[in-house]
Amino acid sequence: MQFLEGGLSRTTGDVMEWKHLDYIISDDKSLINPAAVHGFLRASYWAADRSLETVQKSIENSLCFGAYLDGEQVGFARAVTDGATTAFLADVIIEQSHRGRGLGKKVVAAAMEHPEIAELTHILKTKDAHGLYEQFGFIRSEFMMRRR
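The sequence shown maps to residues 24 to 171 in the numbering used here.
Written out as structure tokens, the structure reads:
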């Protein structure tokens, strides 16, 4: 596979991949390991109580980005979108031992430049990563939500 400028490559079909150091970031859902993603999210402040079944359903219904090293999943992000106006970036997470290498930034960049959502309004909510997202043009603001 040949990677283009910025590490982007289009592979067979509509699958897109990006390269960062020795990592591959892909939007191919067939590569995602739901159990690994569930494990990452159980260590987060926002999804610690999410069941594996809920994680699997969220993967099925989102545009997903997996980060892999030698075929092992080490990161994840997803975008929930209507495909026309808005994309909600969610569950951006890198496994602890792979942090500090710019991988999270590359996963966010992959989501922001993905052709299905690049031109849409992007929203997200975070308690602790404002600086990361501000690098991508996000503006700090209050976020309202209704929770059942």
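Virtual Cβ for every residue (Gly too), placed ideally from N, Cα, C.
Item	Value
Leucine 27 to glutamine 119 span [Cα, whole Å]	Any reading at leucine 27 must be qualified, since the residue scores a pLDDT of 41, below 50, and its modelled position is unreliable; the value itself is stated next. Those two C-alpha atoms are separated by around 29 Å.
8 Å Cβ cutoff met for leucine 178 and glycine 89	Absent from the structure is residue 178, since the part of the chain shown begins at 24 and ends at 171.
Through-space distance from isoleucine 117 to aspartate 37, alpha-carbon basis	24 Å
Alpha carbon of alanine 102 to alpha carbon of alanine 134, nearest angstrom	7 Å
Terminal residues of the alpha helix (DSSP H) in which leucine 75 lies	75 to 83
CA-to-CA distance, phenylalanine 99 to leucine 126, given in whole angstroms	10 Å
Terminal residues of the beta strand (DSSP E) in which histidine 145 lies	144 to 146
Continuous beta strand (DSSP E) assignments of at least 3 residues falling wholly in the stretch 103 to 162	109 to 117 and 144 to 146
Span of the alpha helix (DSSP H) around alanine 59	57 to 65
Residue interval of the beta strand (DSSP E) (run including histidine 49)	Position check: residue 49 holds serine in this sequence, whereas histidine was assumed. Element bounds for serine 49: 46 to 49.
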